[in-house]
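Asks: Dumping the structure here so I can ask a few things about it.
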Amino acid sequence: MNFFIVDDDEAIRSMISEIIEDYDLGNVVGQAEDGALIDIGMLNFKKVDILIIDLLMPIKDGIHTVKDFGKPLAFKIIMLSQVEDKKIIGEAYNLGIEYYITKPINRLEVIKVIEKVISNIKLEKSISDIQKTLSLLGLNKSRSSEEKPVFKNTILESAEFILTDLGMITESGSKDILDMLQYIIELDKNNSNEYEFPSLKNLFINISKKDWESLIKK
């Protein structure tokens, strides 16, 4: 993972860089002391995966910096702040910021937040790879009922292959991914017409609902 850190406090930047490097969380590909010194072009050029940015800075704060990026973003954002104003925090989340890290910096909190964001990135990449596989295999094309059992096996096998290739097949999250895929296959089977691929949020909601229903039946 490539990190870029923006904070007007050099000690904070050094501390976060040290944590990232010491715990093999990724590479720090750049730093800046103010939001006015970065733009979306620079971050994309450096192939940033995670931007860690301070909320309060002297020239251009974190909120305005992120607003100027526009959407969609190719990277995730973690915001640093001592501010506890719910309105400001709500505005930050609406801009697509993944998590907050509160100041003063706590090493364990930084590690846990970064690990969670990395996990989310890997999950989204896995879902994206599965979407591409489904598209190549023609999930949305009409098929006879005789073709569907074979097609279903092909899809699931392809998904397992992707997870194995990513080194994620033995991780707990792999079951969630395969459950999502199973849900997509059932959705396709029950709809003769083409449909829009469900969002990641809707996939999570439906899988959680099915797991809960299964638990109640037991």
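For the sequence shown, position 194 matches number 188 in this note's numbering, and the numbering has no gaps at all.
The beta carbon of each residue, even a glycine, is placed where N, CA and C say it ideally should be.
Given this structure, state the Cα-to-Cα distance separating V42 from F69, to the nearest angstrom.
Replies: Roughly 6 angstroms separates the two Cα atoms.
Asks: Taking only the alpha-carbon atoms, compute the straight-line gap between D40 and V0 and give it to the nearest angstrom.
Replies: Here residue 40 turns out to be Lys, not Asp, going by the sequence shown. If you take the alpha carbons of K40 and V0, they lie about 14 angstroms apart.
Asks: For D(-3), which residues does DSSP report across the bridge?
Replies: As written in the sequence, residue -3 is Phe, which differs from the Asp given in the question. Beta-bridge pairing links F(-3) to V22, I44.
Asks: Does the segment 79 to 91 come close enough to the segment 107 to 117 to have 3 or more Cβ pairs within less than 8 angstroms?
Replies: No: fewer than three Cβ pairs fall under 8 angstroms.
Asks: Would you kindly work out how many angstroms separate the C-alpha atoms of S122 and N100, rounded to a whole number?
Replies: Straight-line Cα distance between these residues: approximately 33 angstroms.
Asks: Return yes when the Cβ of I57 is within less than 8 angstroms of the Cβ of E85, no when it is not.
Replies: Contact flag set, yes.
Asks: Measuring from the CB of E27, is there a heavy atom of the ligand NAP at a distance below 7 angstroms?
Replies: What this structure holds is no ligand at all, so the ligand NAP is not there to describe.
Asks: Helix or strand or just coil, what does DSSP make of S186?
Replies: Any reading at S186 needs caution, since the residue's pLDDT is 47, under 50, leaving its predicted position unreliable; the model's value is listed next. Note: S186 maps to coil in three-state DSSP.
Asks: Strictly by DSSP, which residues pair up with S8?
Replies: According to DSSP, S8 bridges with nothing at all.
Asks: Taking the CB atoms as reference points, tell me whether I72 and V60 lie closer together than 8 angstroms.
Replies: The answer is no: Cβ separation not under 8 angstroms.
Asks: Going by DSSP, name the residue or residues bridged to K70.
Replies: Looking at the DSSP assignment, K70 forms a beta bridge with I44.
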